[in-house]
Structure formats: C-alpha cells, structure tokens
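Protein chains: 2
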Amino acid sequence: MSRHQQAPITDPKEQFISYMRGLGTRTVLYQHGVASTLGLYNQDYLSVDILREKGPITAGELSKLTGLATGSTTALIDRLEKIGYVRRQNDPHDRRKVIIVPAYEHKAEVSHTYHPLHTAMLELASSYTDEELALITKFLDKASTVLEEQIYHLHAASQSKTSS
Amino acid sequence: MSRHQQAPITDPKEQFISYMRGLGTRTVLYQHGVASTLGLYNQDYLSVDILREKGPITAGELSKLTGLATGSTTALIDRLEKIGYVRRQNDPHDRRKVIIVPAYEHKAEVSHTYHPLHTAMLELASSYTDEELALITKFLDKASTVLEEQIYHLHAASQSKTSS
DNA sequence: TCAAATATCTCGATAATCAAGATATAAACA
DNA sequence: TGTTTATATCTTGATTATCGAGATATTTGA
Numbered sequence: 027m028s029r030h031q032q033a034p035i036t037d038p039k040e041q042f043i044s045y046m047r048g049l050g051t052r053t054v055l056y057q058h059g060v061a062s063t064l065g066l067y068n069q070d071y072l073s074v075d076i077l078r079e080k081g082p083i084t085a086g087e088l089s090k091l092t093g094l095a096t097g098s099t100t101a102l103i104d105r106l107e108k109i110g111y112v113r114r115q116n117d118p119h120d121r122r123k124v125i126i127v128p129a130y131e132h133k134a135e136v137s138h139t140y141h142p143l144h145t146a147m148l149e150l151a152s153s154y155t156d157e158e159l160a161l162i163t164k165f166l167d168k169a170s171t172v173l174e175e176q177i178y179h180l181h182a183a184s185q186s187k188t189s190s
Numbered sequence: 027m028s029r030h031q032q033a034p035i036t037d038p039k040e041q042f043i044s045y046m047r048g049l050g051t052r053t054v055l056y057q058h059g060v061a062s063t064l065g066l067y068n069q070d071y072l073s074v075d076i077l078r079e080k081g082p083i084t085a086g087e088l089s090k091l092t093g094l095a096t097g098s099t100t101a102l103i104d105r106l107e108k109i110g111y112v113r114r115q116n117d118p119h120d121r122r123k124v125i126i127v128p129a130y131e132h133k134a135e136v137s138h139t140y141h142p143l144h145t146a147m148l149e150l151a152s153s154y155t156d157e158e159l160a161l162i163t164k165f166l167d168k169a170s171t172v173l174e175e176q177i178y179h180l181h182a183a184s185q186s187k188t189s190s
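Protein sequences appear in the order of chains G and D. The working numbering applies: residue 27 is where the first sequence begins, and numbers increase by one. The working numbering applies: residue 27 is where the second sequence begins, and numbers increase by one.
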C-alpha cells in the first residue's frame, strides 16, 4: 500500500505519527486477513485476541471491551463456543455472571496463522542490539498505554453522550 | 486491559512480540471507537483511513484492500458518498473504472477525532532524543513492511484456496 | 424485606455482507 | 477489423451480524 503524493513530512515528530498511522492501518488489515483465513468474523477474531491477552473474562467484560451490545456478544460467544474456541463457565462468586474461558490453544489452525508473523517479527527483532530492542519494547508499552487512554476517553464520551 | 497471569516472558524478543500484539489489539479497538464516535461502521472508517493514506483509488482497489466483495464495496462507497466523505469520479483512461476521491477533509468531526491521539503521540515523541525517535520511526517503517508482506501472503493463500 | 441495580440471554427489526448475475468497457486474438 | 475473452462496477436476493428493547435471574443497598 503506497502513500500518495502528499507534501513530504519534514518534522520528525509528524513523520513518526504518520508511520504510526500506517502501522495502525496495516495492523487492522492484517487482523482482518487472519480472521478471514480462520473463517471468523472480524469481531470474533478480535475477541479471540482479547481473550488471549486477558484470559477468562465475563461476557459483560467482553461486551464492554469490544463495544458490542450484550445481545451481539452473546451471539458471538455462541459462535466461538460452537467451534470449540471458548467455553462458558459459571462464576461461583456471582451466579449472574458467565465466564468465557479460551479454549483455542488446542486449535492448530490458530497457532498456524500466528506463526509466519511471529517468525518475521523475531527476525526484525534480531536486527537490533539489546539496547535498541529494549528501547523499542518500552516504546511499544508506552504507545499501548496512550491508546488505552484514548480508548477510555472515547468510551467515556459515548457514555456521556448516551445519558444526555 | 490487563494481562492475565501467564508465565512471565523472559526472552527479550518474545517480550517484544508480546508488546507488538498488545499494541495491535489496542489499535483495532481504538479504530473501532473512533468509527463509532463518527457513526461509521468499522469497514467504513477503515476505508477512510485507507483513502487518507493512498489518496484517490478505484472502487476495485478499495475492494481488494479491504477484502470486501465488490457489491459490499459499492454499498460502502454509497454510504460514504451520502455523508460527503468521498465522491465518485470517472477514470478518463478507462471508462469502466470509478475513482473514489476522499472529501472528508472538510469534515471537522473527522479531524476532531484525530486530535487527542495526535497530541498524545506528539507528547510521547517529545520524550525521546532525535536519535531515539529516528530509530523508532525506522522501526515502525520496517514493521509496516513486515505486516504488508504478511497481508500479501494471506491474500495469496486465500486466492489459491479459492481456485482449488 | 423490598426496591433498585446488574448480568446475560431472547427477540424482532435493520442493514452489512456474500455470491451470483447484469451491463459496459477494454484487451487479446484471429 | 471483428470477435472472443477478460475486467470493472453495480444490482439483486439470501444470509446473518448487530442493534435496542425486553425478559429473567441474581445481587446490592436501603
């Protein structure tokens, strides 16, 4: 995906931001591609990704994180449960809550889709010194924190919009 | 979004990859949040993003990049055209082709959603020396290239799967 | 104890998306 | 030059994700 002819960015910080955006778009497209490869809808694959990171969470938490209505989340979980990617479990502390437990580790096709990017990223990491890699990793951590805050504010804004 | 209790990652390269994944998930969630704020479907917002980077492209190219069927792409373009985000233009070199021209720059609400993240990223960039920022920017460039290659391979695989 | 709040699922309506097909145009071939 | 094949985009009917409202069960707070 080539960039069209805009005014060339000369400020290093603006250039940095432009590359962050480019990486963002490719990330989304990559995830869509993996979802399609696995025969999953985009939100289904995103949920797999969330569960991979967070481990077992409630249906309601998944609904909040994905931004889906609770009914859509139920349907999504049904789909994932049907193909063996998750299972539902009762919460012994709160009988209203349903815990969604990831179960896709046993699914070879899931790790199979991760593998090529994993290898390519290992190779990219290998091109840096230990110090450089540490700097980059720390940067990724900080960038993630920035995005989390932005996501939080977007949600807060839509909450207050809803109640007004 | 906190990480659940996995075995702590000790290898720096594996840690790097883990943070890349975390950033990826937040990126997708952030984009969904912005789309929702703008009242756009996720694919609509992604298309705005693609057009922002690539400038005017044909309907078919947009279909390929988003992975949407051509009919869905037509409907998507209809929606964006309806709210003034894009306009259709004939290609003088090939009368079959329709060029999709971005027109959302005039839409204040679009730049308004970019603004908070832009500011936060400027601030993050400011915490680095010139050399560090250059290293990070170059890294982002390379990571994007890796993702592009992976996207390409995913598409190639699904093409060959289709024709078999 | 009762009322209010919370969690998840059910349900009917809306609309995105798919695949097949239609139509116009361009490229390739005889 | 004319015909056949390929390409580009839109149309169409079917499928299904998603929404918002509502139902039911459980928990919390007064």
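All C-beta atoms in this analysis are idealised placements derived from N, C-alpha and C, irrespective of residue type, glycine included.
Check, Outcome
"CA-to-CA distance, residue 141 of chain D to residue 40 of chain G, given in whole angstroms", "13 Å"
"CB contact check: residue 34 of chain D to chain G, cutoff 7 Å", "no"
"Limits of the unbroken alpha helix (DSSP H) element including residue 43 of chain D", "38-64"
"Pairwise C-alpha distance: residue 79 of chain D and residue 48 of chain G", "8 Å"
"Residues, ordered as in the chain, of the stretch 48-72 of chain G that lie near chain D by beta-carbon distance below 8 Å", "48, 49, 50, 51, 52, 53, 54, 55, 56, 57, 58, 59, 60, 62, 63, 68 and 72"
"Below-7 Å beta-carbon distance, residue 162 of chain D vs any chain G residue", "yes"
"Straight-line Cα distance separating residue 100 of chain G from residue 10 of chain G", "Outside the displayed span of chain G (27 to 190) sits residue 10 of chain G, for which this structure offers no information."
"Touching by the beta-carbon criterion (3+ pairs, under 8 Å), the stretch 112-123 of chain D and the stretch 141-153 of chain D", "no"
"Beta carbon of residue 71 of chain D nearer than 7 Å to that of residue 177 of chain G", "no"
"Distance between beta carbons of residue 74 of chain D and residue 130 of chain D, contact taken as under 8 Å", "6 Å"
"Partners in chain D for residue 88 of chain G, counting only beta-carbon separations shorter than 7 Å", "In chain order: nothing, as chain D lies at least about 11 Å away."
"Beta carbon of residue 160 of chain D nearer than 7 Å to that of residue 126 of chain D", "no"
"Buried versus exposed, by CB contacts within 10 Å (16 or more), residue 170 of chain D", "buried"
"Exposure of residue 114 of chain G, with buried meaning 16 or more beta-carbon neighbours within 10 Å", "exposed"
"Residue 155 of chain G in three-state terms, based on DSSP", "coil"
"Contact check, residue 147 of chain G vs residue 43 of chain D, beta carbons under 7 Å", "yes"
"Environment of residue 76 of chain G [buried if 16+ CB atoms lie within 10 Å]", "buried"
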